[in-house]
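In UniProt numbering, the protein residues as written are 1 to 286. Just so you know, even glycine gets a beta-carbon here, dropped at the ideal spot from N, CA and C. Structure first, then comments.
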Amino acid sequence: MQTIQELLATKPSNSQQTQYVDTVEAYDKWAEVYDTDGNFLQRLDTIEMRSLLPQFIDRVSKRFPVTDPETTRPTLVDLGCGTGRNTIQLLSALSTADKAGYFTVIGLDASRGMLDVARTATREYAENATQTPDVELGIFDLLQPEVSMTQLPSSLHGADAVGVISTLVLEHIPLEQFFAAAAGIMQSGGYLLVTNMHAEMGMRSQAGFTDERGVKVRPTSYCHTIPDVLVAAKEAGFEVEEVVGAGADGVVVRGVDEQLGVVLGARAKKWVGVRVWFGVCFVKRG
Numbered sequence: 001m002q003t004i005q006e007l008l009a010t011k012p013s014n015s016q017q018t019q020y021v022d023t024v025e026a027y028d029k030w031a032e033v034y035d036t037d038g039n040f041l042q043r044l045d046t047i048e049m050r051s052l053l054p055q056f057i058d059r060v061s062k063r064f065p066v067t068d069p070e071t072t073r074p075t076l077v078d079l080g081c082g083t084g085r086n087t088i089q090l091l092s093a094l095s096t097a098d099k100a101g102y103f104t105v106i107g108l109d110a111s112r113g114m115l116d117v118a119r120t121a122t123r124e125y126a127e128n129a130t131q132t133p134d135v136e137l138g139i140f141d142l143l144q145p146e147v148s149m150t151q152l153p154s155s156l157h158g159a160d161a162v163g164v165i166s167t168l169v170l171e172h173i174p175l176e177q178f179f180a181a182a183a184g185i186m187q188s189g190g191y192l193l194v195t196n197m198h199a200e201m202g203m204r205s206q207a208g209f210t211d212e213r214g215v216k217v218r219p220t221s222y223c224h225t226i227p228d229v230l231v232a233a234k235e236a237g238f239e240v241e242e243v244v245g246a247g248a249d250g251v252v253v254r255g256v257d258e259q260l261g262v263v264l265g266a267r268a269k270k271w272v273g274v275r276v277w278f279g280v281c282f283v284k285r286g
């Protein structure tokens, strides 16, 4: 499987020095500025999740109804939660749906630096919320799932998550490995909501940030096409679940136009006319 690093090495590069490092190391370094460095793809993902999360919560709630939240609270997982950006969006969406007291939410990530930021963010959210689910954060490395499965939080016992979100994570993981890990923590009938960089963008760029030395730091990334993602998901036991705004294949795709470029900021302007993001909801077959 070709990495984006290998793909970009065949093309002319700009003058900025680039350093490729281990994925976890890169995100440990990126954590401090991840939410503030002007990454437009994160902004777009945040916008799109405002539409996708209510649909996700509605499906999970209907399939796994809770009659007594005092004794039973199904688990929702943010797989690759990073700084907690979408963990907090999930908490907010649960509150809006009047489901905040019905679920336990777990954020998992391989980067301790990212989790440190997420702990602060989720704690601050909880302090200002009228009601919030139980929230727990823990280490889970999708690149070492056999080891990570033994380190899961005690509240996540085996394959018992009824819903999993994983946003802008797939880029860094081989497809077979990602979907096997996701399936391994989910109940049959559970929902998996995935977003990722579109391959049109991946052919030209990848995740990364500029450090204090002016060096572009990049982790390992893969240019996953939508057809490849759908095939890998199916082989792992997932089916596409239709969501509002999806195309015939069940996938929501977003490109940057002039108007959206203004909303997303200066760094988005060079991507006008390019598809940069996609999202898809799966259900795990029984």
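Since tyrosine 222 is in the beta strand (DSSP E), which residue starts that stretch and which ends it? Mapped onto the sequence shown, residue 222 falls at position 222. Taken as a continuous stretch (DSSP letters only), tyrosine 222 belongs to no beta strand (DSSP E), as it is neither H nor E.
Where tyrosine 105 sits in the DSSP three-state scheme = For the purposes of this step, residue 105 is taken as residue 105 along the sequence shown, with counting starting at 1. The sequence as given places valine at residue 105; tyrosine does not occur at that position. Valine 105 falls in the strand class under three-state DSSP.
key: alpha helix (DSSP H) runs contained entirely in the segment 21-45, provided each spans 4 or more residues   = At a cut-off of 4 residues, the continuous stretches assigned as alpha helix (DSSP H) that sit fully inside the segment 21-45 are 23-30.
Query raised in the report: How is the alpha helix (DSSP H) around threonine 96 delimited, first residue to last?
Result: Residue 96 sits at position 96 when you count from the first residue of the sequence shown. 85-96 is the extent of the alpha helix (DSSP H) around threonine 96.
Alpha carbons only, please: which of Ala232, Leu192, Glu124 is nearest the one belonging to glutamine 177?
Start at 1 with the first residue of the sequence shown, and residue 177 comes out as number 177. Considering only alpha carbons, the answer is Ala232.
Cβ of tyrosine 34 within 8 Å of Cβ of proline 219? Within the sequence shown, residue 34 is the residue found at index 34, counting from 1. Within the sequence shown, residue 219 is the residue found at index 219, counting from 1. The answer is no: Cβ separation not under 8 Å.
So which of Thr210, Lys216, His224 has the shortest CA-CA distance to glutamine 201? Translated into positions along the sequence shown, residue 201 becomes position 201. Reading off the sequence shown, one finds methionine at residue 201, where the question assumed glutamine. Considering only alpha carbons, the answer is His224.
- Task: For my contact list, histidine 172 and threonine 23 are in at a C-beta cut-off of 8 Å; report their separation, rounded to the angstrom.
- Result: In the sequence shown, counting from the first residue as 1, residue 172 sits at position 172. In the sequence shown, counting from the first residue as 1, residue 23 sits at position 23. Cβ-Cβ separation between histidine 172 and threonine 23: approximately 5 Å, consistent with a contact (criterion under 8 Å).
Original post:
For the candidate residues Thr87, Val251, Gly208, Ala110, whose alpha-carbon lies nearest to that of leucine 40?
Top reply: Here residue 40 refers to the residue found at position 40 when the sequence shown is read from its first residue. Per the sequence shown, the amino acid found at residue 40 is phenylalanine instead of leucine. Its Cα nearest to that of phenylalanine 40, the residue Gly208 stands out among Thr87, Val251, Gly208, Ala110.
Original post:
Can the beta-carbon of valine 240 be found closer than 8 Å to that of valine 272?
Top reply: Along the sequence shown, one-based indexing puts residue 240 at 240. Along the sequence shown, one-based indexing puts residue 272 at 272. It is not a contact, given that the beta carbons lie outside the stated cut-off.
task: Leaving out five residues on either side along the sequence, give the residues of the same chain with a beta carbon under 8 Å from the beta carbon of leucine 216.
output: Sequence index remark: in the sequence shown, residue 216 carries index 216 (1-based). Rather than leucine, the amino acid found at residue 216 in this sequence is lysine. Cβ neighbours of lysine 216 beyond the five flanking positions: Gln16, Gln17, Thr18, Gln19, Gly208, Phe209, Thr210.
Range covered by the beta strand (DSSP E) that runs through alanine 161:
Here residue 161 refers to the residue found at position 161 when the sequence shown is read from its first residue. 161-167 is the span of the beta strand (DSSP E), which, as asked, contains alanine 161.
For the alpha helix (DSSP H) that phenylalanine 179 lies in, which residues bound it at each end?
For this step, residue 179 is matched to residue 179 along the sequence shown. Going by DSSP, phenylalanine 179 is part of the alpha helix (DSSP H) stretching over 175-184.
I'd like to confirm the pairing. Which residues does DSSP put opposite threonine 75 in its beta bridges? In the sequence shown, the residue the question calls residue 75 occupies position 75. Answer by DSSP bridge pairing, in chain order: Thr104, Ala161.
**Study point:** Distance, glycine 261 Cα to valine 253 Cα
**Key:** Stepping through the sequence shown from its first residue, residue 253 is reached at position 253. Stepping through the sequence shown from its first residue, residue 261 is reached at position 261. Rounded to whole angstroms, valine 253 to glycine 261 spans 16 Å at the Cα level.
(message) Taking its Cβ as the centre, do 16 or more other Cβ atoms sit within 10 Å of asparagine 128, making it buried, or is it exposed?
(response) Against the sequence shown, residue 128 aligns to sequence position 128. Classified as exposed, asparagine 128 has fewer than 16 neighbouring CB atoms from the shown chains inside 10 Å of its CB.
(message) I want to know whether the segment 103-115 touches the segment 62-78 - three or more CB-CB distances under 8 Å.
(response) Here the segment 103-115 lies against the segment 62-78, with 3 or more beta-carbon pairs under 8 Å apart.
- request: Check the C-beta distance from alanine 236 over to phenylalanine 278 and give it rounded, since I have them as a contact under 8 Å.
  value: Mapped onto the sequence shown, residue 236 falls at position 236. Mapped onto the sequence shown, residue 278 falls at position 278. The C-beta distance from alanine 236 to phenylalanine 278 rounds to 18 Å, too long to meet the 8 Å contact threshold.
Practice task
For proline 133, count neighbouring Cβ atoms within 10 angstroms of its own Cβ and tell me buried if that reaches 16, exposed if not.
Solution key: Locating residue 133 in the sequence shown gives position 133, counting from the first residue. The Cβ neighbour count for proline 133, taken over all protein chains shown within 10 Å, is at least 16; the residue is labelled buried.
Check your understanding: Taking just the CA atoms, how far does lysine 269 sit from valine 256?
Key -> Indexing the sequence shown from 1 puts residue 256 at position 256. Indexing the sequence shown from 1 puts residue 269 at position 269. Between valine 256 and lysine 269, the C-alpha separation is close to 8 Å.
Check your understanding: Under the rule that 16 or more other beta-carbon atoms within 10 Å means buried, what is lysine 284, buried or exposed?
Key -> Numbered from its first residue, the sequence shown carries residue 284 at position 284. By the Cβ-count criterion, lysine 284 is buried, with 16 or more other Cβ atoms from all chains shown falling within 10 Å of its own Cβ.
Practice task
Classify methionine 1 as buried or exposed, calling it buried when 16 or more other Cβ atoms lie within 10 Å of its own Cβ.
Solution key: What you label residue 1 is simply residue 1 of the sequence shown in a count that begins at 1. Exposed, since its Cβ has fewer than 16 Cβ neighbours within 10 Å.
**Report entry** Residue nearest to phenylalanine 181 in terms of C-alpha spacing, selected from Ser154, Ser205, Thr150, Asn196
**Finding:** Numbered from its first residue, the sequence shown carries residue 181 at position 181. The identity of residue 181 in the sequence shown is alanine, whereas the question assumes phenylalanine. Of Ser154, Ser205, Thr150, Asn196, the smallest CA-CA separation from alanine 181 is found for Thr150.
Looking only at C-alpha atoms, which of Gly82, Ala31, Phe64 sits nearest to leucine 76?
Working through the sequence shown from its first residue, we reach residue 76 at position 76. By alpha-carbon distance to leucine 76, the top candidate from Gly82, Ala31, Phe64 is Phe64.
| query | Which residues mark the beginning and the end of the beta strand (DSSP E) in which aspartate 116 is found? | reply | Position 116 of the sequence shown, counted from the first residue, corresponds to residue 116. First-last for aspartate 116: 112-128, but that is the alpha helix (DSSP H), not the beta strand (DSSP E).
Q) First and last residue of the alpha helix (DSSP H) that includes leucine 264? A) Counted from its first residue, the sequence shown places residue 264 at position 264. Unbroken alpha helix (DSSP H) run through leucine 264: 258-264.
For glutamine 42, count neighbouring C-beta atoms within 10 Å of its own C-beta (all shown protein chains included) and say buried if the count is 16 or more, exposed if not. As a first step, residue 42 is located in the sequence shown; it is residue number 42 there, counting from the start. The residue in question, glutamine 42, is buried, as its Cβ has 16 or more Cβ neighbours within 10 Å.
Between which two residues does the beta strand (DSSP E) holding glycine 279 run? Counted from its first residue, the sequence shown places residue 279 at position 279. In this chain, the beta strand (DSSP E) harbouring glycine 279 covers 275-284.
**Study point:** 6 Å Cβ shell around valine 135 - same chain, five flanking residues per side excluded
**Key:** Here residue 135 refers to the residue found at position 135 when the sequence shown is read from its first residue. Apart from the 5 residues on each side of it in sequence, valine 135 sits with its Cβ closer than 6 Å to the Cβ of Val105, Thr122 in its chain, given in chain order.
Practice item. Look at alanine 110 and isoleucine 139 and say whether their C-beta atoms are less than 8 Å apart. Key: As a first step, residue 110 is located in the sequence shown; it is residue number 110 there, counting from the start. As a first step, residue 139 is located in the sequence shown; it is residue number 139 there, counting from the start. Against a cut-off of 8 Å, the Cβ pair of isoleucine 139 and alanine 110 comes out as a contact.
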